[in-house]
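>
Protein chains: 2
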Amino acid sequence: MNLKSLSGAEPQAHDETRRQLLEAAGEVFAQTGFRNATVREICRRAGANVAAVNYHFGDKETLYAEVLRDSQQKAFEKYPPLLGVAADAPPEEKLCAFIRSFLLRIFDSGSSTRFGKIMSREMVEPTGALEVLLEVRIRPMADQLRGLVAEILGGPADDAAVRLCSFSIVSQCVFFHHCRTMITRLFPEQRLDASAVEPLAGHIARFSLAAMKHLSDPETPGSKPGRALPRGAAAARVRRKPADRTPQGKRRRH
Amino acid sequence: MNLKSLSGAEPQAHDETRRQLLEAAGEVFAQTGFRNATVREICRRAGANVAAVNYHFGDKETLYAEVLRDSQQKAFEKYPPLLGVAADAPPEEKLCAFIRSFLLRIFDSGSSTRFGKIMSREMVEPTGALEVLLEVRIRPMADQLRGLVAEILGGPADDAAVRLCSFSIVSQCVFFHHCRTMITRLFPEQRLDASAVEPLAGHIARFSLAAMKHLSDPETPGSKPGRALPRGAAAARVRRKPADRTPQGKRRRH
DNA sequence: TGACATATCAAACAAATGTTTTAATTATTT
DNA sequence: AAATAATTAAAACATTTGTTTGATATGTCA
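Residue numbers (this note's numbering), protein chains in the order written: chain Z, 1 to 254; chain H, 1001 to 1254.
(1) Would residue 1184/H be called buried (16 or more neighbouring beta carbons within 10 Å of its own) or exposed?
(2) Considering only residues of the same chain and omitting the five flanking positions on each side of residue 1094/H, which have a CB-CB separation below 8 Å?
(3) Am I right that residue 57/Z and residue 137/Z are in contact with their C-beta atoms under 8 Å? What's the rounded C-beta distance?
(4) So residue 60/Z contacts chain H; which residues on that side make the cut at Cβ distance below 8 Å?
(5) If we count the other Cβ atoms within 10 Å of its Cβ and call it buried at 16 or more, is residue 1272/H buried or exposed?
(6) Distance check for residue 1113/H and residue 194/Z, CA to CA, integer angstroms please.
(7) Is it right to say residue 27/Z is buried, meaning 16 or more other beta carbons lie within 10 angstroms of its own, or is it exposed?
(8) Determine the DSSP secondary structure at residue 195/Z, reduced to helix, strand or coil.
(9) How far does the alpha helix (DSSP H) with residue 1216/H in it extend, from its first residue to its last?
(10) For residue 1049/H, count neighbouring C-beta atoms within 10 Å of its own C-beta (all shown protein chains included) and say buried if the count is 16 or more, exposed if not.
(11) Pairing CB atoms from the stretch 1168-1176 of chain H with CB atoms from the stretch 126-136 of chain Z, are three or more of them under 8 Å?
(12) With three or more C-beta pairs closer than 8 Å as the rule, is the stretch 1102-1109 of chain H touching the stretch 1060-1067 of chain H?
(13) Please compile the residues from chain Z whose C-beta is within a distance smaller than 7 Å of the C-beta of residue 1181/H.
(14) Between residue 115/Z and residue 29/Z, what straight-line distance do the alpha-carbon atoms span, to the nearest angstrom?
(15) Could you work out which residue in 47/Z, 182/Z, 205/Z and 16/Z is closest to residue 96/Z when comparing CA atoms only?
(16) For residue 1094/H, which residues in chain Z fall below 9 Å Cβ to Cβ?
(17) In whole angstroms, what is the alpha-carbon distance linking residue 22/Z and residue 125/Z?
(18) Looking at the C-beta of residue 1049/H, does it have a partner C-beta in chain Z at a distance below 9 Å?
(19) Report yes if the CB atom of residue 169/Z is closer than 9 Å to the CB atom of residue 99/Z, and no otherwise.
(20) Name the residues in the stretch 1153-1168 of chain H whose C-beta lies less than 9 Å from a C-beta of chain Z; which are they?
(21) What ranges does the alpha helix (DSSP H) occupy inside the stretch 43-76 of chain Z, keeping only unbroken runs of at least 4 residues that lie completely in it?
(22) Determine the chain H residues that contact residue 174/Z at a beta-carbon separation under 8 Å, and present them in chain order.
(23) Where does residue 143/Z fall in DSSP's three states?
(24) So what's residue 190/Z in DSSP terms, helix, strand or just coil?
(25) The alpha helix (DSSP H) with residue 1026/H in it runs from where to where?
(26) Take the Cβ of residue 143/Z as the centre, count every other Cβ of all protein chains shown within 10 Å, and call the residue buried at 16 or more, exposed below.
(27) Name the chain Z residues whose beta carbon is nearer than 7 Å to that of residue 991/H?
(28) On the criterion of 16 or more Cβ atoms from any shown chain inside 10 Å, does residue 1217/H qualify as buried, or is it exposed?
(29) Just mark residue 1227/H as buried or exposed, buried being the case when its beta carbon has 16 or more other beta carbons within 10 Å.
(30) Does any residue of chain Z bring its CB to less than 9 Å from the CB of residue 1037/H?
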């Protein structure tokens, strides 16, 4: 007897299992990462057999690649980099949109949150699946941002300066996601969900624009690049005192 | 017969194994993270038996906690937050030192690099060992930074603004470590080791100081906080076309 | 030297996990 | 309806991995 027809939740039973696997895998991978995720847990959530992943996707890794591709596509479909601004808008306004979209892609409470979570892990522990995404999505986005920054900075294009400023902008965006754990523990009052996007995007945009507009002001301190570091001053080491030598493990029976 | 005395590399054989375990564990944990690291690999590098970790530390987790404590202590001993500035120096100068120390702690090519690598992973996947570190090291450092920022911003202390600016500063520092993978692939020419610290610190300091000095300038765009988002515009989804239904796995024999 | 605590080692254990196998079931086509 | 292909299911497999065990060796101290 067909169990599916009894449960009565499947419109077409054709590749329903496959879809549910993808869905469940998205949750699990986002929550625990590629390596920590188990195909058993994925199949359990999908209501499928343990062998289902291998049957439908070949192996765990291809399933993961599929999930990454899927979540990335959905995230960028929903929040393209220049969401809601005209093509001829001034670069400052485009930058605001860029930042806002970036944060939305990370903080959206829907299933596209997966993208942010998975990307966070890919940063620390990249898998093969990152390669394609890098060329297809990340590099074009990086180019786009550098273009905006160059426009805003004005004057003769200094590649290094443009790159560094782009880093500064992106870093502020990813920070709130990557360091979420730490931020939440240090500042429990700091909201870190979709409702936080507007204020955060506002701050990042204002901070970065103010910085770029006045980066070359002569009065700014800290702009002495050749400044040497008094390294020796703090290099004095404290000798570690010999501590208790008893084994730290569970007490042995001797 | 004593193998150690034959190999002739141990000054005092007392807790030499323990020390070597700690050293090897530092490498392995930094390289692969807590969960991916195997005690077998650690013991192999330490030239010890598989049981050594459990004998000397009880279990893998306590060993990890010990490694984190150790690397954190070394990193902050070598690079305290306000490395090389006088106590009565102006806040701008202190901020420069703060940023430089932060980067040095992350990029130092010695064994203290472990601290940065391990912390990166703790961010994404925190373990119990993070708790103590948070209160002992991170919170004081966060307070210190907020103090500096408040001084630099001047005027009436706006807690939220101070916090956001602190985030902006720290985010730029951790970015270069956390997103190392991506940065290196996008910009192979960007150096990301100890030699990069001075230029990076210089940029971050200049960028952030310029931002804070001119954050409340009226001419800065992007400071319209209530700006609504045209959400509906991009929400149109593309229907996925039904694709080839053949199983993706290894061909079955049927 | 002999007794006792400490340390090391090889082997085994137990649990987790990605994958495969074989059979049964369901869907599709002839 | 019969035959064939696609899918699901239960069990087993093979490997990895943290930990434990029991024996053996080593160092210390009476």
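For every residue, glycine included, the Cβ atom is placed at its ideal position computed from N, Cα and C.
Taking the geometry as given:
(1) An exposed status is given to residue 1184/H, since fewer than 16 other beta-carbon atoms sit within 10 Å of its beta-carbon.
(2) Cβ within range, chain order: 1082, 1085 and 1148.
(3) About 22 Å; that fails the 8 Å criterion.
(4) Near residue 60/Z there are no residues of chain H at all, since even the closest Cβ is about 11 Å away, more than 8 Å.
(5) Residue numbering for chain H in the displayed model covers 1001 to 1254; residue 1272/H lies beyond these limits and cannot be assessed.
(6) Residue 194/Z and residue 1113/H have their C-alpha atoms spaced approximately 34 Å apart.
(7) Buried, since its Cβ has 16 or more Cβ neighbours within 10 Å.
(8) Helix at residue 195/Z.
(9) Element bounds for residue 1216/H: n/a, residue is neither H nor E.
(10) The residue in question, residue 1049/H, is exposed, as its Cβ has fewer than 16 Cβ neighbours within 10 Å.
(11) Taking one beta carbon from each stretch, the stretch 1168-1176 of chain H and the stretch 126-136 of chain Z have fewer than 3 pairs nearer than 8 Å; the two do not touch.
(12) Contact between the stretch 1060-1067 of chain H and the stretch 1102-1109 of chain H is absent, with fewer than three C-beta pairs closer than 8 Å.
(13) Contact annotation for residue 1181/H against chain Z: 123 and 126 [CB-CB distance below 7 Å, chain order].
(14) The alpha-carbon atoms of residue 115/Z and residue 29/Z are separated by roughly 10 Å.
(15) The option with the nearest alpha carbon to residue 96/Z is 205/Z.
(16) Correct list: empty, because the minimum Cβ distance to chain Z is about 11 Å.
(17) Using only the alpha carbons, I get a separation of about 21 Å.
(18) Chain Z, which has no Cβ nearer than 9 Å to the Cβ of residue 1049/H, makes this no.
(19) Yes.
(20) Correct list: 1160, 1161, 1163, 1164, 1165, 1167 and 1168.
(21) Within the stretch 43-76 of chain Z, the complete alpha helix (DSSP H) segments of 4 residues or longer fall at 52-57, listed in chain order.
(22) Within 8 Å Cβ-Cβ: 1171, 1175, 1178 and 1179.
(23) It is helical.
(24) Of the three classes helix, strand and coil, the one that applies to residue 190/Z here is coil, per DSSP.
(25) That run of the alpha helix (DSSP H) goes 1016-1036.
(26) Taking all protein chains in view, the Cβ of residue 143/Z is surrounded by fewer than 16 other Cβ atoms within 10 Å, so the residue is classified as exposed.
(27) Outside the displayed range of chain H (1001 to 1254) lies residue 991/H, so it cannot be described from this structure.
(28) Taking a 10 Å sphere around the C-beta of residue 1217/H, we find fewer than 16 other C-beta atoms and assign the residue as exposed.
(29) With a pLDDT of 38 at residue 1227/H, under the threshold of 50, the predicted position of this residue should be treated as unreliable, though the coordinate-derived value follows. Label assigned to residue 1227/H: exposed.
(30) No - not a single Cβ of chain Z is within 9 Å of the one on residue 1037/H.
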